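Colleague: Its first residue numbered 1134, the sequence shown is counted upward by one per residue in my numbering. Cβ coordinates follow ideal geometry from the N, Cα and C atoms, glycine included. None of the values given here were measured: they were computed from a predicted structure.
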Amino acid sequence: MVFILVPVNLASLWFIPFFGGDWIAGLAIAGMALNIPIMFKDRGMSKLMALPHLIFWIPLVLFAYWILTNKGGVPSHYVVYLRVLIAVSVVSLVFDIPDFIRWLRGDRATA
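1) Can you pull the DSSP bridge partners for threonine 1243?
2) Between the C-alpha atoms of valine 1194 and tryptophan 1236, what's the straight-line distance to the nearest angstrom?
3) Take the Cβ of glycine 1164 as the centre, count every other Cβ of all protein chains shown within 10 Å, and call the residue buried at 16 or more, exposed below.
4) I'd like to check one pair, alanine 1244 with methionine 1172: are the Cβ atoms closer than 8 Å?
5) Of all Cβ atoms in chain D, is any one closer than 8 Å to the Cβ of valine 1221?
6) Among the candidates Gly1159, Ala1158, Leu1160 and Ala1183, whose CA atom is the shortest distance from the CA of proline 1106?
7) Is the separation between the beta-carbon of tyrosine 1198 and that of isoleucine 1230 shorter than 8 Å?
8) Among the residues of its own chain, which have a CB less than 8 Å from the CB of phenylalanine 1189, if the five just before and after it don't count?
9) Taking the alpha helix (DSSP H) that phenylalanine 1151 falls in, what are its first and last residues?
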């Protein structure tokens, strides 16, 4: 999943000039970047890495959907990107929610 999440989220930087692109990029990158300290602290990948995704990517998905449904005149390539971003983020969140619940219940294993 990392090989899909990272490029799709980094691609948000290309869309900064478009409506809401700065917020889209900020939320997308923050959801990934805040996992770096967690990986160092836990010395690997843990279920706590779901937390930054939940904090930043739920608003990201909602805002991207809002752009798609409420803003006219959005360039077609931005529309395609937002749809891909939403799809990838939702799939990630489907895994992140149970992972974070497991972490809250005490599962501190790292991979």
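Modeller: The answer reads as follows:
1) As a working mapping, residue 1243 is identified with position 110 in the sequence shown. According to DSSP, threonine 1243 bridges with Ser1179.
2) Indexing the sequence shown from 1 puts residue 1194 at position 61. Indexing the sequence shown from 1 puts residue 1236 at position 103. Near 23 Å, if we compare the C-alpha coordinates of tryptophan 1236 and valine 1194.
3) The residue you call residue 1164 lines up with position 31 of the sequence shown. Label assigned to glycine 1164: buried.
4) The sequence position of residue 1172 within the sequence shown is 39, counting from 1. The sequence position of residue 1244 within the sequence shown is 111, counting from 1. Contact: no.
5) Absence of chain D from the displayed structure is noted, only one protein chain being present.
6) Here the chain comprises residues numbered 1134 to 1244, so residue 1106 is not present and cannot be evaluated.
7) Along the sequence shown, read from residue 1 onward, the residue named residue 1198 stands at position 65. Along the sequence shown, read from residue 1 onward, the residue named residue 1230 stands at position 97. Not closer than 8 Å, so no.
8) Numbered from its first residue, the sequence shown carries residue 1189 at position 56. Taken in chain order, the residues that qualify are Leu1160, Ala1161, Ala1163, Gly1164 and Leu1167.
9) Locating residue 1151 in the sequence shown gives position 18, where the first residue counts as 1. That residue, phenylalanine 1151, is in no alpha helix (DSSP H); it is neither H nor E in DSSP.
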